[in-house]
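Chemist:
Numbering (full-length UniProt numbering), first residue to last: 1 to 350.
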């Protein structure tokens, strides 16, 4: 109904109407993408992944050797559903057309996700134009921005690491969060409280949003890793594995995806805490005041630091390290929801 707007409608009202219309549009598009990813996960064949940076060195070398011989070399990670824990692979050659035909549903799902990402970005842009400020001054705007960064991180993983298998795991929380934001957290575009009138909102909050998006993809990969690891243990015990879990890549690969995104997001989260302390000193005259948001942001940082330390020094891999990463993600969610709605503090969006 945007075409019914009068030509003389003020720019902020016009942008606000467009932004509100885009909220529903992007939720619908993301939901369609989720449905397509679910179809691929339930009924598609197990994907064969080309060699990439997350593959073990021996695996990547095998793929490169086969590719040099002509054709399209792909790495079949336990393609028959009966694989082992050592992530053994077989290299197959297929015509590019045949390979693409097998994954058309997933390809369409990625394209639809990209469309949802563009609508999401447009919604944030028009919201900012309507309010004449950075568009993350309340809980609703923060949720929408986190979903944008989560989808951006997922699309990056698809392009760089062929991690399309994470589509369902990432879009489920995205669609749920956007639904919650539209139903219960929505606020009209308008000015923010005086404490937020600072250029630091573009620095501190932006870093926190981008880091949270990366942590969300890492959390999705961690959940998938636990499911895949359980399936591998069942196969090793001679049990039959069926359904969506049987089509997941090797648990080791999922562990690498989760680790890689925590490595990318952790420095941004660190910077967000430091920038927040500087902003707090400018706004309230102290770097640290034991506000609930400050405390839980630091607790989240400590848990993720413990995860990275355990992997770097103790050499922890697999489910043990994954549970630490999920504990960090749980702290992040608690900081995001419980702290904002249960505790009173200077940072509360409620």
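Glycine included, each C-beta is placed from N, C-alpha and C at the ideal position.
(1) For residue 18, which of 40, 112, 125 and 43 has the nearest alpha-carbon?
(2) Below 8 Å on the Cβ atoms is my guess for residue 152 versus residue 213; work out the distance and round it to an integer in Å.
(3) Residues in its own chain within less than 8 Å of residue 335 by CB, not counting five upstream and five downstream?
(4) Provide the residue span of the alpha helix (DSSP H) that contains residue 254, from first to last.
(5) Give me, in chain order, the residues of the same chain whose beta-carbon lies closer than 7 Å to that of residue 275; leave out the 5 immediate sequence neighbours on both sides.
(6) For the candidate residues 283, 325 and 290, whose alpha-carbon lies nearest to that of residue 303?
(7) If you reduce the DSSP assignment to three classes, tell me which class residue 248 lands in.
(8) I want to know whether the region 28-39 touches the region 163-179 - three or more CB-CB distances under 8 Å.
(9) On the DSSP letters alone, give me the boundaries of the alpha helix (DSSP H) that residue 313 sits inside.
(10) Go ahead and label residue 162 buried or exposed: buried means 16 or more other beta carbons lie within 10 angstroms of its beta carbon, across all protein chains shown.
(11) For residue 315 and residue 332, I'd like the C-alpha separation in whole angstroms.
(12) Give me the Cα-Cα distance between residue 192 and residue 137, rounded to the nearest whole angstrom.
(13) Take every Cβ of the region 168-182, pair it with every Cβ of the region 234-241, and state whether three or more of those distances are shorter than 8 Å.
(14) Measuring only the C-alpha atoms, how far is residue 218 from residue 257?
(15) Determine the closest residue to residue 228 out of 319, 340 and 108, with distance taken between C-alpha atoms.
(16) Quick check on DSSP: helix, strand or coil for residue 326?
(17) Quick one: grab the DSSP three-state call for residue 54.
(18) If distances are taken between C-alpha atoms only, which option among 262, 222, 265 and 273 comes closest to residue 249?
(19) Beta carbon of residue 328, beta carbon of residue 273: below 9 Å?
(20) May I have the straight-line CA-CA distance separating residue 351 from residue 260, to the nearest angstrom?
(21) How many angstroms separate the CA atom of residue 232 from the CA atom of residue 40?
(22) Can you give me the Cβ contacts of residue 106 inside the same chain, cut-off strictly under 6 Å, excluding the 5 residues immediately before and after it?
(23) Hey, how far is the Cα of residue 194 from the Cα of residue 283?
(24) Could you pull out every unbroken alpha helix (DSSP H) segment of at least 4 residues lying fully inside the region 213-249, listed in chain order?
(25) Out of curiosity, what's the CA-to-CA distance linking residue 270 and residue 175?
(26) Kindly indicate the opening and closing residues of the alpha helix (DSSP H) around residue 112.
(27) Do the CB positions of residue 23 and residue 224 come within less than 9 Å of each other?
(28) Once DSSP output is grouped into helix, strand and coil, what is the label at residue 188?
(29) How is residue 172 classed by DSSP in three states: helix, strand or coil?
(30) I'd like to know whether the C-beta atoms of residue 140 and residue 185 end up nearer to each other than 9 Å.
(31) Kindly list the residues whose CB is nearer than 7 Å to the CB of residue 122, restricted to its own chain and excluding five residues on each side of it in sequence; keep chain order.
(32) Near residue 135, which residues of its chain fall below 6 Å by C-beta distance, leaving aside the five closest residues on each side in sequence?
(33) Put residue 304 into one of helix, strand or coil per three-state DSSP.
(34) Do you know whose CA, among 15, 226, 267 and 42, lies nearest residue 215's CA?
(35) Give the DSSP-derived three-state secondary structure of residue 291 in the structure shown.
Modeler: On the basis of the supplied data:
(1) In terms of Cα proximity to residue 18, the closest of 40, 112, 125 and 43 is 125.
(2) Yes, they are in contact, since the Cβ atoms of residue 152 and residue 213 sit about 6 Å apart, within 8 Å.
(3) Contacts found: 293, 296, 297, 299 and 300.
(4) Residues 251-284.
(5) Once the five neighbours on either side are set aside, the close Cβ partners of residue 275 are 200, 203, 204 and 207.
(6) Closest option to residue 303, Cα to Cα, is 325.
(7) Looking at residue 248 - three-state DSSP - the assignment turns out to be coil, as it is neither helix nor strand.
(8) Between the region 28-39 and the region 163-179, the count of Cβ pairs shorter than 8 Å is three or higher; the stretches touch.
(9) Run containing residue 313: none; DSSP gives neither H nor E here.
(10) So residue 162 counts as buried.
(11) When rounded, the separation of the alpha-carbon atoms in residue 315 and residue 332 is 24 Å.
(12) Residue 192 and residue 137 have their alpha carbons spaced roughly 6 Å apart.
(13) Taking one beta carbon from each stretch, the region 168-182 and the region 234-241 have fewer than 3 pairs nearer than 8 Å; the two do not touch.
(14) Taken atom to atom, the span from the alpha-carbon of residue 218 to that of residue 257 is near 7 Å.
(15) Closest option to residue 228, Cα to Cα, is 319.
(16) Collapsing the DSSP output to three states places residue 326 in a helix.
(17) In the structure shown, residue 54 sits in coil (DSSP, three-state: anything other than H, G, I, E or B).
(18) Selected option, being the one with the closest Cα: 222.
(19) Contact flag unset, no.
(20) Nothing in the structure corresponds to residue 351, since the chain is present only between 1 and 350.
(21) Straight-line spacing of the CA atoms in residue 232 and residue 40 works out to 21 Å.
(22) Around residue 106: 40 and 164.
(23) For residue 194 and residue 283, the distance between alpha carbons rounds to 10 Å.
(24) Whole alpha helix (DSSP H) segments, 4+ residues: zero.
(25) Answer to the nearest angstrom: the Cα atoms are 27 Å apart.
(26) Start and end: 104-131.
(27) In terms of Cβ geometry, residue 23 and residue 224 do not form a close pair [threshold 9 Å].
(28) Residue 188 carries a coil assignment under DSSP once its states are collapsed to helix, strand and coil.
(29) Looking at residue 172 - three-state DSSP - the assignment turns out to be helix.
(30) For the 9 Å CB-CB criterion, residue 140 and residue 185 form a contact.
(31) Closer than 7 Å at the Cβ level, and outside the excluded window around residue 122, lie 22.
(32) Contacts found: 124, 127, 128 and 141.
(33) Annotated three-state conformation of residue 304 is helix, per DSSP.
(34) That would be 267, whose Cα lies nearest to the Cα of residue 215.
(35) Here residue 291 carries a coil assignment [DSSP, helix/strand/coil].
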